[in-house]
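Notes follow the structure.
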Amino acid sequence: MKRFLISSIALMAFAMSNQVLADAMQCQALRSQASDKLEIKTAMYASTEQVRTAYCQVQGVVNRRIGKDGTFYTTRFELRLPYGWQGRLAYQFDTAFGGELAPAVGNITGLTVNQYAINQGFAVVSSNEGHDNDAFKKAAGGLSKPFLFGRDATAREEFAYQAMANIMPIAQVLTEQYYGSPVQYRYGIGQANGGRTAMVAASRFPELFDGLLVASPGFNAPKAALQHPWDYQALQSIQSDIRSSFSERDLEYITRRLIQQCDDLDGVSDDLIFAIDACQQRFKPTALVCKSEFDRDCLPIAKIGALVRMHQGPHNAKNQALYTSWPYDTGLQSNNWRGWKIASKLDAWQHMPASVVIGASALANLYSTPYQAVKGDIFSLTNFLQSFDFDRDAEKIFATNGEFTESAVSLMTPPDAVKPTLTQFKQHGGKLIVFHGNSDPVFSVQDTVRWYDFLDFGLAGKAADFVRFYRVPGMPHQQGGLSADQFDMLQPLVNWVEQQRPPREVIAATRANNPELTSRMVGLTRPLCPYPSYARYRQGDLHLASSFQCVVAK
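For any residue, its number in this note's numbering is found by taking its place in the sequence shown, counting from 1, and adding 1058.
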């Protein structure tokens, strides 16, 4: 028996070594796909902390060119082909502003490492979206260097969607050659800017993907960028140095009062506001204003006025909305919300918030036509936001000229963003899952609500046939805050695409390593319900998702 066991182990080891050798040869054989328009490098890698199996890594370059200002542009991609492939290929849309080659693992907010797409049998591809940050190392752009590509018309288009459209077919050819089998299902996974690209793909390239998973989508990114000068000017009405406008205690106080007024609307007090729409009707920020100089449990009228203005969203002199409003939610006290709006912890940014460095740089260089040649130092960036005119300057996101023949809004947003239909995507059989944190400080969940409402209206109430939208209470821009931010939205999408099983509620849990949780939130599970329903307490253990049901507000 012992001899038989040893022999069996030896045979298994021999078979595995042969498989590894065969995989390595197949990986190397992909180099034969190289041409004068496609450069390819390949290598085999063992399992890592993020990738739980051996994989073939392909790195390629296409579309080398020299820009108008002499800058070198290339579209680079990385394709990871894992052992145990399940016939799936996923495009990992870039989360931020491109320029870097993110590891192609298929991760998105909510997933654990084991749930990453590559660990579920997906081949995964990522790209730099048509430009390299290294190309601007010697440019005089200061903190704005990652956005200087926006001064090149072709680079804008590559970033907007064209790099993805070019790379996905190449990745499919390489995947099929490596495995010797056709790709059965094509997915796209993206959050923030990546969510924007995914939603653009659903409209512009309706047959490119079978399933799209989208988180906190910036599908109206140029309009959302108008919020940055709006916030800056509102905060300056409190304090010229916006880093001192709202203290951490101020934001904790506002959140505490918000919880007092709204937490029980979903049937239980647990620091999670699921009945977010009803909360907007109940919460009165003006009730927080000090009535006299002797009041202590309150805030000055200047601070509440700025808070209200920020949540109203940008408007022009005619009081016309330029973007959308923002819901009051518990993420106000999160590190993420504060880091975007009030102050960051980065010395290189002089502790200015991301809205000053990232927001101003993107609005000036990428979303305005003509681009605004703002220096990338803190003084210049804050001055740009302070002097921004919402009648004159806001129009630049819609503008064109001889060099930039398509506006930023036209390039960056889905063609049917105002009145979405996704007719061709639906006809193709495509499925789309969107989720968004109610406390997102970068892209308002209200804009995603408006998008879904218009889609559903245009389809006579049938949007849920191929689109599901989930709101996540307390979650800011991606994970954190007072939220149950650990959940798997990828598997429900796979089940929907491959087995025609439409998703219902998705179980979310609070993360043990989230330092922002309150004591009564530890160990909670809750159902995330497809919009317009929300989770309401029914009966049973307050810690368990099974004690809640999805209901639609009357």
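Each residue gets a CB set at the ideal place from its N, CA and C atoms; glycine is no exception.
Sorting I1362, A1360, D1387 by C-alpha distance to the C-alpha of R1340 places D1387 at the top. In the DSSP assignment, F1180 falls within the unbroken beta strand (DSSP E) covering 1180-1185. Comparing alpha-carbon positions, the option among D1081, I1098, Q1084, I1247 lying closest to L1147 turns out to be I1247.
About 17 Å separates the Cβ atoms of T1129 and V1120, ruling out a contact at the 8 Å cut-off. If you draw a straight line from the Cα of Q1318 to the Cα of Q1242, it is about 50 Å long. For R1584, the enclosing beta strand (DSSP E) covers residues 1583-1586. Look at the region 1393-1437 and you find these whole runs of alpha helix (DSSP H), each 4 residues long or longer: 1393-1399, 1418-1423. Here D1321 has S1327, D1328, D1329, L1330, I1331 as same chain residues with Cβ atoms under 8 Å from its own Cβ, once five neighbours each way along the sequence are excluded.
Shown here, T1132 sits in a strand according to DSSP, grouped into three states.
Two segments are said to touch when three or more pairs of C-beta atoms, one from each, lie closer than 8 Å; by this definition the region 1464-1481 touches the region 1249-1262. Secondary structure at R1367: helix, using DSSP grouped into helix, strand and coil.
The alpha-carbon separation between N1394 and P1499 amounts to approximately 8 Å. Taking a cut-off of 8 Å on C-beta distances, the region 1301-1314 touches the region 1351-1368, as three or more cross pairs fall below it. When C-beta atoms of the region 1395-1412 are compared with those of the region 1426-1433, fewer than three pairs fall below 8 Å, so the two segments do not count as touching. The residues R1301, A1401, S1402, K1403, in chain order, have a CB closer than 8 Å to that of H1409 in the same chain once the five nearest residues on each side in sequence are set aside.
Here G1516 has K1477, P1478, T1479 as same chain residues with Cβ atoms under 8 Å from its own Cβ, once five neighbours each way along the sequence are excluded. Less than 8 Å divides the Cβ of Y1589 from the Cβ of Y1510. Under the DSSP definition of a beta bridge, E1097 partners with V1119. For G1253, there is no enclosing beta strand (DSSP E); the residue is found in the alpha helix (DSSP H) stretching over 1251-1262. When the alpha-carbon of Q1249 is set against those of M1547, R1578, Y1595, E1563, the nearest one is in M1547. In terms of Cα proximity to S1298, the closest of K1361, S1239, E1265, E1453 is K1361.
According to the DSSP assignment, R1307 belongs to the alpha helix (DSSP H) that extends over 1306-1320.
Taking each of H1601, L1439, M1226 in turn and checking the Cα distance to V1415, the smallest one comes out for L1439. The DSSP assignment places 1243-1249, 1269-1273 as complete runs of the beta strand (DSSP E) inside the region 1213-1295, in order along the chain (cut-off: 3 residues). Pairwise C-beta distances place the region 1450-1464 out of contact with the region 1483-1502, as fewer than three of them are shorter than 8 Å. About 35 Å separates the Cβ atoms of A1567 and P1280, ruling out a contact at the 8 Å cut-off.
Close CB contacts of A1282 within its chain, under the 8 Å cut and outside five residues either way in sequence, are with G1276, Y1381, V1500, F1501, S1502, D1505 (chain order).
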